[in-house]
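Novice:
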Amino acid sequence: MRVLEAKEVTTGYGDVEIIKNIELYVNDGEIVAIFGSNGSGKSTFLKAVAGLVPLWNGTLHFGSERIDELPAYERVKRGVALAPEGRHLFLGMSVEENLLMGAWTKRDRVKQNLDKVYGYFPQLKEKRGSLAGDLSGGQQQMLSIGKALMSEPKLLMIDELSLGLAPAVVDSLAQILTRINREEGISMLLVEQEVSLALEISNRAYVFDLGRVVDSGRSDELIKRDSIRKTYMGLA
Ligand SMILES: Nc1ncnc2c1ncn2[C@@H]1O[C@H](COP(=O)(O)OP(=O)(O)O)[C@@H](O)[C@H]1O
Ligand SMILES: [Mg+2]
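The letter at position 161 of the sequence shown is residue 436 when you use this note's numbering, and the numbering goes up by one with no holes.
#1: At a cut-off of 7 Å, is T286 close to ligand 1 when judged by its beta-carbon and the heavy atoms of the ligand?
#2: Among the residues of its own chain, which have a CB less than 8 Å from the CB of K381, if the five just before and after it don't count?
#3: Should the segment 332 to 350 be regarded as contacting the segment 411 to 426, the criterion being three or more beta carbon pairs within less than 8 Å?
#4: Whole angstroms are fine: how far does the CA of A358 sit from the CA of M376?
#5: Based on Cα-Cα distance, which residue from M368, R353 and I451 lies nearest to G394?
#6: Using a Cβ cut-off of 8 Å (strictly closer), state whether S315 contacts chain C.
#7: Taking G289 as the reference, give the member of D446, W331 and E475 with the closest Cα.
#8: Taking a contact to mean a Cβ-Cβ separation below 8 Å, would you say Q234 touches L436 in this structure?
#9: Is the beta carbon of E427 within less than 7 Å of some heavy atom of ligand 2?
#10: Of all residues in the structure, which have a C-beta closer than 7 Å to any heavy atom of ligand 2, taken in chain order?
#11: Got a sec? Which residues, its chain only, sit under 8 Å from V385 by beta carbon, not counting five neighbours each side?
#12: Is N296 near ligand 1, in the sense that its beta carbon is under 7 Å from a heavy atom of that ligand?
#13: Go ahead and pull the three-state DSSP assignment for E298.
#14: According to DSSP, simplified to helix, strand and coil, what is S462?
#15: Apart from the five residues just before and just after N373, which ones in its own chain have a Cβ nearer than 6 Å to its Cβ?
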């Protein structure tokens, strides 16, 4: 079963077409990565799945349901969650208040979900009363992911997981995501500029260039491919 299936997805901003005929799917329980050069439309694709930009053409299915004409909040209710690039936290509010902002679709399970998020991210529990703006970059990324988890997603999309974070922080985030994927069965779609990281933590990956999918496959195969290693990993 596929949690997400995008067919011929085309969209843009104003009258400028940014992504064209994107074909991409995520199987139940999979971690799928998207990488590719800056401006290739990765964030635009995640926003299209979340319902933040309308499709010009194509379809999106979430499980067996077509979702591309649903407003963003209806997609959240069905289990689509996006931790956006730049994190979009309420910096003047506390950690816990930010988490509660992610909980509006699951009002009856706030306590259990808070415990779950604090279990995966003990640093957030310690800082539950601190302002989000006082957190480190890594803790803010944890908070952004935690906020998304409060909606009990079936598909967790994270835009630029590692951006601006120290390697050790990124490693520990990657391990936690792998645990969440395994223990909660949450499928993930990750946009990640660190291609080696993207390929290490994902089952499959898609390469975007100029708004199109130019390559895709199993991550353990892509990571061995010379063209990928040269173009995206700076390796011979
Ligand atoms: N809100 C916007 N309005 C107009 N153009 C945008 C907007 N957001 C992104 N773009 C343009 O769309 C293209 C793809 O951007 P984006 O999807 O953010 O790429 P990526 O995430 O792969 O770096 C870029 O040329 C960017 O300038
Ligand atoms: Mg982007």
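Note that the Cβ used here is the ideal one computed from N, Cα and C, for glycine as well.
Model, not experiment: these values are computed from the prediction.
Specialist: So, from the listed chains and residues:
#1: no
#2: N388, M425, S426 and E427
#3: no
#4: 13 Å
#5: I451
#6: The structure shown contains no chain C; it holds only a single protein chain.
#7: W331
#8: Since the first residue shown for the chain is 276 and the last is 511, residue 234 is missing from the structure and cannot be characterised.
#9: no
#10: K317, S318, E360, D434, E435 and V466
#11: L375, A378 and M425
#12: no
#13: strand
#14: strand
#15: L364, F365, A407, L418 and K422
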